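Asks:
Number of protein chains: 2
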Amino acid sequence: MGDPYGLRRVVRPKGALPQQAEVLDPHLPLGPDELSIEVERLNVDAASFRQLAQEAAQRISSRVADIVRERGKMHNPVTGSGGMLIGRVAEVGPEHPAASQLKPGDRIATLVSLTLTPLVLQEIARVHPRAERLDVRGRAILFATGPWARLPEDLPEAVALAVLDVCGAPAWVARLARPGERVLVLGAGKSGSLACAQARRNGAHVTALDYRPDAPRTLVHEGLADAAIAVDATQPLEVYARAREAGLYDLVVNCASLPGTEMASILAARDGGEVLFFSMATSFTAAALGAEGVGKDVRLTIGNGYARGHAELALELVRSTPALQRIFAARVG
Amino acid sequence: MGDPYGLRRVVRPKGALPQQAEVLDPHLPLGPDELSIEVERLNVDAASFRQLAQEAAQRISSRVADIVRERGKMHNPVTGSGGMLIGRVAEVGPEHPAASQLKPGDRIATLVSLTLTPLVLQEIARVHPRAERLDVRGRAILFATGPWARLPEDLPEAVALAVLDVCGAPAWVARLARPGERVLVLGAGKSGSLACAQARRNGAHVTALDYRPDAPRTLVHEGLADAAIAVDATQPLEVYARAREAGLYDLVVNCASLPGTEMASILAARDGGEVLFFSMATSFTAAALGAEGVGKDVRLTIGNGYARGHAELALELVRSTPALQRIFAARVG
């Protein structure tokens, strides 16, 4: 009898799925349709990492250890978000769908959130704050439904991990950005850079916006965006003023990693346009009621971290775009 | 110098828009581009009302009074949601866009959330828990950008108010439901009933789901849905089992008013399908990471409470559907 969603590992509340669960049990013996991984790195998602860093700048490592010990998963209780991991396959259950494709020792990244991945940490060796990454020793479990990717051999590991972590963003931009459209990308970090590059590849006119002037300017300089705006996305009226000057946007992609950027995104879109929220710091009610409050007829899409073929699309985008390789290498180095 | 978003009324934090503001000042003299309303009824949104009712079943009235006194608006600090109001125009600023259309004494409903509407309450006369409505005396302010609607004369007032409160849902369903598609509507309350009726009008095959067996069965009996499922939407695996029997759905419309229904919605959709979240109890991260966690390629849309022509569309749907009039009359009576 299979357990493709990993229900056996939910400690409480009963009847919850692993992500909704407060506590998972990562210690059970491996189920026949599960797979276990010796973990080496955790990529904590940007919103979660920023919150942890603020909570205790020197203590990220101990907070991560506490959370994983208490919850059996790296599920930040404040932001509700997780991240992803990289590691070597330790054991593959005979009924796991990858049983014939993976063997112990293979290096893979999991494309499923850490918020539902059972995890035990033996050691946190090093924290890389800029890369939002921790080098660890530990053991994680992947369920039968959990997507994974073999690490590509032609890209540096840290670059590949960072790209895979946010590969949903360019995949959804590839579907939503149309040729000739005016696209605004909020946040010129990892997912923002990929979103800009993909929107340009789709034939859109792309504007990159960030509070740090250097980041969007670099995207323009590298040919990944057509225009740059340096303004704080938590200040909706300042963003609106700049967006109105430019004529408003058909599609706004929110890749900002801090809370309070919903209204800036909504005001910057034209009536009848779209906003795609890839920031995990997005508030549902702030977006839904915010658009209503200003009488703005825009379609608001939640950035689903999964889309069929997202890992291949993002890795191919980076492979064929040396500028992205440089930007990611500088970011994760 | 106009102030179309009502910034003058933000007390704190400085630079916020009225909805994001913690506190508004509803006592300022009327601005030249504002309009004031003698308020008679407040329709508190379902998620907010349920939370208030649980917090203090006997004390909804005093909690509403407290919130409005403390914040200058009916903005539930726990759910983050508001509602709408009905009242008579008290005064129209000479530069308000409706200056030539409205005069003191006209009865209107505001189509903008109470989360950004400056409000003073003199009295709460009566609470109608089933209709999630309060009869009050008070004074509210409408900004130049705030949508409003004259109350229709051919529908009972309570029905019209209830319909206008959720008119975004059928408007977005009208755009997203295609002929022949299989549509599942979670929650057979007010917005759920309108969503079912609109999806059928679009030519879709409609299944209504609610934990109360009577509600979806009534929708089928009245010809507003093709099939009924009685199951608790907070139990994702039970919903998934029923949805899988039925062959999964192209479009899932979430109109449930309680938290924790994101995963049921996502699992019930087919790969490549869509979920439209109209429940204000939706969690952004639960939806975004939940879909990723189970590797489901679905487009997730935030239900924007505004869409061009939404009030007219919803009122016309009810006018031309006697069954909806009966359902709403029974609900708000």
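These protein sequence lines map, in sequence, to chains A and B. Counting from 1 along the first sequence, just add 349 to a position and that's the residue number in the numbering used here. Counting from 1 along the second sequence, just add 349 to a position and that's the residue number in the numbering used here. Note that the Cβ used here is the ideal one computed from N, Cα and C, for glycine as well. No experiment lies behind these values; they were computed from the predicted model shown.
Tell me which same chain residues have a C-beta within less than 7 Å of the C-beta of A/G609, skipping the five on either side of it?
Replies: T583
Asks: Got a sec: is the Cβ-Cβ distance from A/G646 to anything in chain B below 8 Å?
Replies: Reading off the sequence shown, one finds Asp at residue 646 of chain A, where the question assumed Gly. Yes, its Cβ sits closer than 8 Å to a Cβ of chain B.
Asks: Taking the straight line between their C-alpha atoms, what separation do you get for A/V624 and A/Q450?
Replies: 38 Å
Asks: What does A/L491 pair with, by DSSP beta-bridge criteria?
Replies: A/L384
Asks: Rounding to the nearest angstrom, what Cα-Cα distance links A/D484 and B/R482 in this structure?
Replies: 55 Å
Asks: Between which residues of its own chain and B/T494 is the CB-CB distance below 7 Å, once the five residues before and five after are set aside?
Replies: P353, Y354
Asks: Let me know the secondary structure DSSP gives B/D503 once reduced to three states.
Replies: coil
Asks: Consult DSSP for A/L568 and reduce its assignment to one of helix, strand or coil.
Replies: helix
Asks: Would you please state the rounded distance, in angstroms, between the beta carbons of A/A637 and B/I651? I believe it to be under 8 Å.
Replies: 5 Å
Asks: Assuming B/N551 contacts B/A523 under a Cβ cut-off of 8 Å, what Cβ separation, rounded to an integer in Å, is found between them?
Replies: 6 Å
Asks: Between which two residues does the alpha helix (DSSP H) containing B/Y589 stretch?
Replies: 585-595
Asks: Please say whether B/L460 and B/W521 have beta carbons closer to each other than 8 Å?
Replies: no
Asks: Quick one: give me the first and last residue of the beta strand (DSSP E) that A/L666 is part of.
Replies: Not the beta strand (DSSP E): A/L666 falls in the alpha helix (DSSP H), residues 659-668.
Asks: Go through its chain and collect everything with a Cβ distance to A/K422's Cβ below 7 Å, but skip five positions before and after it.
Replies: L373, L463, T464, L465, T466, P467, L468
Asks: When you compare only the Cα positions, how much space is there between A/A406 and A/R561?
Replies: Confidence at A/A406 is low in this model, with a pLDDT of 47, below 50, so the placement of that residue should be treated as unreliable; the coordinate-derived value is given next. Straight-line Cα distance between these residues: approximately 21 Å.
Asks: Could you tell me which whole alpha helix (DSSP H) segments of length 4 or greater appear in the segment 608-677 of chain A?
Replies: 611-617, 633-642, 659-668
Asks: Taking DSSP as the reference, what is the three-state secondary structure of B/Q471?
Replies: strand
Asks: Whose C-beta lies closer than 7 Å to the C-beta of A/R357 among residues of the same chain, with five residues either side of it excluded?
Replies: Cβ neighbours of A/R357 within its own chain (closer than 7 Å, five residues either side excluded): L377, G380.
Asks: How would you label A/E594, buried or exposed, when you count the other beta carbons within 10 angstroms and need 16 or more for buried?
Replies: exposed
Asks: Quick one, which of A/A605, A/S410, A/D559, A/D599 has its alpha-carbon nearest A/P478's?
Replies: A/S410
Asks: Going by the CB atoms, is the gap between B/V643 and B/V534 shorter than 8 Å?
Replies: No, Cβ-Cβ distance for B/V534 and B/V643 is not below 8 Å.
Asks: Name the chain A residues that come within less than 9 Å of B/A640, Cβ to Cβ?
Replies: I651, N653, G654, Y655
Asks: Compare the C-beta of A/G364 against all C-beta atoms of chain B and say whether one is closer than 8 Å.
Replies: yes
Asks: Starting from A/T556, follow its DSSP beta bridges and name the residues at the other end.
Replies: A/L533, A/A576
Asks: So, for B/L635: in the same chain, excluding its five sequence neighbours on each side, which residues have a beta-carbon less than 6 Å away from its beta-carbon?
Replies: Note on identity: in this sequence residue 635 of chain B is Ala, with Leu being the wrong assignment. Cβ neighbours of B/A635 beyond the five flanking positions: E611.
Asks: When you compare only the Cα positions, how much space is there between B/I490 and B/R475?
Replies: 22 Å
Asks: For B/F633, would you say it is in contact with chain A, using Cβ-to-Cβ distances shorter than 8 Å as the test?
Replies: yes
Asks: List, in order along the chain, the chain B residues whose C-beta lies closer than 7 Å to that of A/V643?
Replies: Y354, T494
Asks: Quick one: what does DSSP say B/V522 is sitting in, helix, strand or coil?
Replies: helix
Asks: Could you list the residues in the segment 568-588 of chain B with a C-beta less than 8 Å from some C-beta on chain A, going in chain order?
Replies: Q584, P585, L586
Asks: Can you round the beta-carbon distance between A/P528 and A/A548 to whole angstroms, since I take them to be within the 8 Å contact cut?
Replies: About 10 Å separates the beta carbons of A/P528 and A/A548, which is beyond the 8 Å limit, so they are not a contact pair.
Asks: What are the boundary residues of the alpha helix (DSSP H) that B/A548 is part of?
Replies: 539-550
Asks: Could you check which residue in B/V580, B/P565, B/D581 has the C-alpha nearest to that of B/A574?
Replies: B/P565
Asks: Please list, in chain order, the chain B residues whose beta carbon lies closer than 7 Å to that of A/Q450.
Replies: Under the 7 Å cutoff, chain B gives no residues; its nearest Cβ is about 16 Å from A/Q450.
Asks: Please decide whether A/A617 counts as near chain B, where near means a Cβ-Cβ distance under 8 Å.
Replies: Output row for A/A617: interface = no.
Asks: Compile a chain-ordered list of the residues in the segment 597-612 of chain B whose CB is closer than 8 Å to at least one CB of chain A.
Replies: G609, M612
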